[in-house]
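Undergrad:
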Amino acid sequence: MFIVKDNFWILIIKYFNKVEKINMSSKNNGMTATELIIARHANRERVKPGEIVNVSVDMCMSNDATTLLTERIMKDQMKTNSVWDSSKVVIIVDHQVPADSIDTSVVQQGMAKFVDEQDIDKYHTTDGVCHQVMLENYVYPGSLILGADSHTCSYGSIGSVSSGIGSTDLAAIWASGETWLKVPETVRFVLEGQLKPYVSAKDIALYIINKVRANGLTYKTMELSGPAISFLSVPERFTICNMAVEAGAKSTMIIPDDSVLEFFNELGRPFDDNELISALKETENAPCHSEIKINLSDLEPMIACPHYVDNVKPLSEVKGLKIDQTFLGSCTNGRIEDLREGANIIKNKTIAPHMRFLVTPASLNVYKQALKEGLINIFLDAGAVVNHPGCSTCWGAHQGILAPGQRMVTTGNRNFKGRAGSPESEIYLASPSVVVASAIKGELTHPKEVI
Amino acid sequence: MGQAWKFGNNIDTDQIIPSQYLVLPTIKDMSKYTMEPQNPEFGKQCKPGDVIVGEINFGCGSSREQAPLVLKELGIRIIIAIDFARIFFRNCINNGIMPIEHDCATEISDKDILDIDLKNGVISNQTTKKEYQFNKIEGYLADILDAGGLAEYIVKRKEKNG
Numbered sequence: 083m084f085i086v087k088d089n090f091w092i093l094i095i096k097y098f099n100k101v102e103k104i105n106m107s108s109k110n111n112g113m114t115a116t117e118l119i120i121a122r123h124a125n126r127e128r129v130k131p132g133e134i135v136n137v138s139v140d141m142c143m144s145n146d147a148t149t150l151l152t153e154r155i156m157k158d159q160m161k162t163n164s165v166w167d168s169s170k171v172v173i174i175v176d177h178q179v180p181a182d183s184i185d186t187s188v189v190q191q192g193m194a195k196f197v198d199e200q201d202i203d204k205y206h207t208t209d210g211v212c213h214q215v216m217l218e219n220y221v222y223p224g225s226l227i228l229g230a231d232s233h234t235c236s237y238g239s240i241g242s243v244s245s246g247i248g249s250t251d252l253a254a255i256w257a258s259g260e261t262w263l264k265v266p267e268t269v270r271f272v273l274e275g276q277l278k279p280y281v282s283a284k285d286i287a288l289y290i291i292n293k294v295r296a297n298g299l300t301y302k303t304m305e306l307s308g309p310a311i312s313f314l315s316v317p318e319r320f321t322i323c324n325m326a327v328e329a330g331a332k333s334t335m336i337i338p339d340d341s342v343l344e345f346f347n348e349l350g351r352p353f354d355d356n357e358l359i360s361a362l363k364e365t366e367n368a369p370c371h372s373e374i375k376i377n378l379s380d381l382e383p384m385i386a387c388p389h390y391v392d393n394v395k396p397l398s399e400v401k402g403l404k405i406d407q408t409f410l411g412s413c414t415n416g417r418i419e420d421l422r423e424g425a426n427i428i429k430n431k432t433i434a435p436h437m438r439f440l441v442t443p444a445s446l447n448v449y450k451q452a453l454k455e456g457l458i459n460i461f462l463d464a465g466a467v468v469n470h471p472g473c474s475t476c477w478g479a480h481q482g483i484l485a486p487g488q489r490m491v492t493t494g495n496r497n498f499k500g501r502a503g504s505p506e507s508e509i510y511l512a513s514p515s516v517v518v519a520s521a522i523k524g525e526l527t528h529p530k531e532v533i
Numbered sequence: 039m040g041q042a043w044k045f046g047n048n049i050d051t052d053q054i055i056p057s058q059y060l061v062l063p064t065i066k067d068m069s070k071y072t073m074e075p076q077n078p079e080f081g082k083q084c085k086p087g088d089v090i091v092g093e094i095n096f097g098c099g100s101s102r103e104q105a106p107l108v109l110k111e112l113g114i115r116i117i118i119a120i121d122f123a124r125i126f127f128r129n130c131i132n133n134g135i136m137p138i139e140h141d142c143a144t145e146i147s148d149k150d151i152l153d154i155d156l157k158n159g160v161i162s163n164q165t166t167k168k169e170y171q172f173n174k175i176e177g178y179l180a181d182i183l184d185a186g187g188l189a190e191y192i193v194k195r196k197e198k199n200g
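Protein chains in written order, with our numbering: chain P, 83 to 533; chain S, 39 to 200.
#1: Compute the Euclidean distance between the alpha carbons of Lys157 of chain P and Asn132 of chain S, then round it to the nearest angstrom.
#2: Around the Cβ of Val265 of chain P, are there at least 16 other Cβ atoms within 10 angstroms (buried) or fewer (exposed)?
#3: Beta-carbon of Ala180 of chain S versus every beta-carbon of chain P: anything under 9 Å?
#4: Is any heavy atom in the ligand ATP found nearer than 8 Å to the beta carbon of Val129 of chain P?
#5: Kindly identify the DSSP beta-bridge partner or partners of Met141 of chain P.
#6: Hey, how far is the Cα of Val137 of chain P from the Cα of Ala121 of chain P?
#7: Could you give the first and the last residue of the continuous beta strand (DSSP E) run that contains Gly246 of chain P?
#8: Using a Cβ-Cβ cut-off of less than 7 Å, give me the residues of the region 78–103 of chain S that come near chain P, in sequence order.
#9: Where do the N-terminal and C-terminal ends of the alpha helix (DSSP H) with Lys66 of chain S fall, by residue?
#10: Cutting at 8 Å between CB atoms, please list the residues of its own chain near Ile104 of chain P, excluding the five before and the five after it.
#11: Please list the segments of the beta strand (DSSP E) lying wholly inside the region 409–454 of chain P, counting only runs of 3 or more residues, in order along the chain.
#12: Give me the DSSP bridge partner(s) of Lys44 of chain S.
#13: Classify Pro180 of chain P as helix, strand or coil using the three-state DSSP reduction.
#14: Could you list which residues in chain A have their beta carbon closer than 9 Å to that of Ala189 of chain S, in chain order?
#15: Which residues in chain P have a C-beta closer than 8 Å to the C-beta of Leu25 of chain S? List them in chain order.
#16: What are the uninterrupted segments assigned as beta strand (DSSP E) that are 3 or more residues long and contained completely in the region 116–174 of chain S, given in chain order?
#17: Closer than 7 Å by beta-carbon distance: list the chain S residues that pair up with Ile311 of chain P, in chain order.
#18: Which residue's Cα is closest to the Cα of Gln451 of chain P: P:Arg422, P:Leu118 and P:Thr432?
#19: For Gly97 of chain S versus Phe80 of chain S, is the C-beta spacing smaller than 9 Å?
#20: Just how far apart, CA to CA, sit Arg195 of chain S and Thr303 of chain P?
#21: Could you check whether Ser101 of chain S and Thr475 of chain P sit closer than 9 Å to each other, using their CB atoms as the reference points?
#22: Distance check for Ile174 of chain P and Ser445 of chain P, CA to CA, integer angstroms please.
#23: Got a sec: is the Cβ-Cβ distance from Tyr510 of chain P to anything in chain S below 9 Å?
#24: Classify Asn199 of chain S: buried if its beta carbon has 16 or more other beta carbons within 10 angstroms, exposed otherwise.
#25: So which of P:Ile286, P:Glu328, P:Arg319 and P:Leu314 has the shortest CA-CA distance to Thr300 of chain P?
#26: Take Gln41 of chain S as the anchor and find which of S:Ile161, S:Ile120 and S:Gly186 has the nearest alpha-carbon.
#27: Over the uninterrupted alpha helix (DSSP H) stretch that includes Lys170 of chain P, give me the two end residues.
#28: Just to make sure I have the definition right: I need the residues of chain S whose C-beta is within less than 7 Å of the C-beta of Val189 of chain P. Which are they?
#29: For Lys284 of chain P, tell me which candidate among P:Ile385, P:Ala147, P:Ser225 and P:Ser333 has the shortest Cα-Cα distance.
#30: Just the Cα atoms here: how many angstroms apart are Leu378 of chain P and Glu274 of chain P?
#31: With a threshold of 16 other CB atoms inside 10 Å of the CB of Lys100 of chain P, please say whether the residue is buried or exposed.
#32: If we ignore side chains and look at the alpha-carbon of each, how far apart do Asn158 of chain S and Ile114 of chain S end up?
#33: For a contact defined as C-beta to C-beta under 8 Å, what are the partners of Tyr301 of chain P on chain S?
#34: Quick check: Gly411 of chain P and Val441 of chain P, are their CB atoms within less than 9 Å of each other?
#35: Kindly list the residues whose CB is nearer than 7 Å to the CB of Asp251 of chain P, restricted to its own chain and excluding five residues on each side of it in sequence; keep chain order.
#36: Using a Cβ cut-off of 9 Å (strictly closer), state whether Tyr390 of chain P contacts chain S.
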């Protein structure tokens, strides 16, 4: 009898918990933050995962790798001569800055002609990597942004639904301001605990990719939540969301909190839509596809080994491997916080003999701030090559090309075969402090060994 | 009927068309370098009607639409894989290339001769004499594929609606 009674009470408690959960989410029809934002852009009360809906797009972006192809498709194939709203079209030259060949220069010349003809003023030629430029200037919570660059998924870090698309999809958006989207299922990662010294956001990203594999989040959105989120700065959140596409994710989401609002205040473009912020907060417990708990205290520095981003090993297993080139930069890890982390390690030290150490700030603003703080001098004194902001070595067709047999450890986001030069070269992905420590010793190194 | 070109897991779009060739003036110029890091002969030897076969996560990485475009330029109309990365999948449909998701990808070897019946959803491997049924793409996506791609679909719809 007692057992029955106990079970009875457990059932009652479970029932009330469930009712409370339903009540909490019912204000938003039980939708996740991503579903809520998509619903608002589809002009619908509610959307469900798997549904295909037509959405209006707040902003779209393309760069020097994708703009001219998009123009050709819109004009020649879609028979449309002008973009639907030039104030919502952002065009950024970042992959090959400055132009390094006649072919590249012809591409950039064509882009300049296009923006003039279309009256597009959100055009950046020397301001940095497209995603950093978008973060600094255009993205905001609750927005829906699509870009012809796969790392567009980064803006979930500030509560935007954003995703990478191809040129034909972008051409259709240029022509109409709309596109179709399949509402993604939400996989919620609950982050607990605290990172140990020398373990960073990049290690969280690599840990997640290793756990779910390179296709584990295909067509899904990666929502990060849990008590540890409040310990992560907006730039750190951006690093993790940026890498989500390496697990196949369509988009990312972190429900914006006070530090996001503070971030926008500091940028000088405050965000004050309190209705939206509280609506997003209320989606915290909405039903989702699955939940994965991660205790950050368990993590150690990680390395993604060639030639796949999910080929992740703890640094302790691969340390000592000889390295020829190191790269600190990219939309993943080229922000002022990353440069500070690196400068802190290499201050008053020099790089190893024969090491090529490239530093590329993610944007002009980051570059200027780094100059102000004396970080650039620290890197130059250590023997680094400091490049103008852009994709640089991460894109692999411009600066710091690798010879056959050479190895690079980079803060970038991809280690695909041949991504930075010869198919016979090797790329290892790591955090800023591991990259800089490795530049000093000339081999894969734990930062604590050089401090 | 076409020859299978077999590739492995996680073939990213940098393998399909490496970054350094994206600045070439035309897709035709780029297509000579298709799959170069995996097989430098591919761009020269691939024939119209041949079929690309990958395994897990085909087309991952960069959103570059030049990847399906160089394949289309070489006459590839069908790609078989266990699964596709999202942006590449969408780019294929938008360019009239049929992405077929099927576990049989692991049973197909390089140079096998494949006969694919799109109407009835059957892959028949003439080399191994095995047959596989696949789920056809339906609805809106099938309409885009039938039109030859998204641009063609939009133009046709415009013409129809006046």
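Using N, Cα and C, we set each Cβ at its ideal position, and we do this for glycine too.
Bear in mind that the values here come from a model prediction, so they are computed numbers and not experimental data.
TA: Result, derived from the coordinates:
#1: Near 16 Å, if we compare the C-alpha coordinates of Asn132 of chain S and Lys157 of chain P.
#2: Under the 10 Å beta carbon count, Val265 of chain P is surrounded by 16 or more other beta carbons and is classified as buried.
#3: Not one chain P Cβ lies under 9 Å of Ala180 of chain S.
#4: With respect to the ligand ATP, the structure offers nothing, as it holds no ligand at all.
#5: The partner list for Met141 of chain P (beta bridge, DSSP) reads P:Ile227.
#6: So the two alpha carbons sit approximately 8 Å from each other.
#7: If you look at Gly246 of chain P, you'll find it in the beta strand (DSSP E) that goes Val243 to Gly246.
#8: Result list: Ile94, Asn95, Cys98, Gly99, Ser100, Ser101, Arg102 and Glu103.
#9: Counting along the chain, the alpha helix (DSSP H) containing Lys66 of chain S begins and ends at Ile65 to Ser69.
#10: The predicted model places Ile104 of chain P with a pLDDT of 41, which falls under 50 and marks its position as unreliable; any figure quoted below should be read in that light. Correct list, in chain order: Gly112.
#11: Positions of the beta strand (DSSP E) runs, each at least 3 residues long and wholly inside the region 409–454 of chain P, are given as 438–442 in order along the chain.
#12: Its beta-bridge partners are S:Val91.
#13: Shown here, Pro180 of chain P sits in coil according to DSSP, grouped into three states, outside any helix or strand.
#14: Among the protein chains of the structure shown, namely P and S, there is no chain A.
#15: Residue 25 of chain S lies beyond the stretch modelled for chain S, which goes from 39 to 200, so this question has no answer here.
#16: Qualifying beta strand (DSSP E) stretches, in chain order: 116–119, 136–139, 151–155, 160–163 and 168–171.
#17: Listed along chain S, no residue sits closer than 7 Å to Ile311 of chain P by beta-carbon distance, the nearest being about 25 Å off.
#18: Nearest C-alpha to Gln451 of chain P: P:Arg422.
#19: With respect to the 9 Å criterion, Gly97 of chain S and Phe80 of chain S are not classified as neighbours on the basis of their beta carbons.
#20: Here the alpha carbon of Arg195 of chain S sits roughly 32 Å from the alpha carbon of Thr303 of chain P.
#21: Not closer than 9 Å, so no.
#22: Cα to Cα, the separation comes out at about 12 Å.
#23: No, no contact with chain S.
#24: Counting of Cβ neighbours within 10 angstroms places Asn199 of chain S among the exposed residues, the total staying below 16.
#25: Nearest C-alpha to Thr300 of chain P: P:Glu328.
#26: When S:Ile161, S:Ile120 and S:Gly186 are compared, the shortest CA-CA separation from Gln41 of chain S is found for S:Ile161.
#27: Careful: Lys170 of chain P lies outside any alpha helix (DSSP H) and carries neither H nor E.
#28: The contacting residues are Val61.
#29: Among P:Ile385, P:Ala147, P:Ser225 and P:Ser333, the Cα nearest to that of Lys284 of chain P belongs to P:Ile385.
#30: The alpha-carbon of Leu378 of chain P is positioned some 6 Å away from that of Glu274 of chain P.
#31: Residue placement at Lys100 of chain P cannot be trusted, given a pLDDT of 46 that sits under 50; what the coordinates show is reported in the next sentence. Its Cβ having fewer than 16 others within 10 Å, Lys100 of chain P is exposed.
#32: About 20 Å.
#33: Going along chain S in sequence order, the residues near Tyr301 of chain P (Cβ under 8 Å) are Arg124.
#34: Gly411 of chain P places its beta carbon less than 9 Å from that of Val441 of chain P.
#35: The beta carbon of Asp251 of chain P sits closer than 7 Å to those of Thr261, all from its chain and outside the five residues before and after it, given in chain order.
#36: Against chain S, the CB of Tyr390 of chain P has a partner CB under 9 Å away; the residue lies at that interface.
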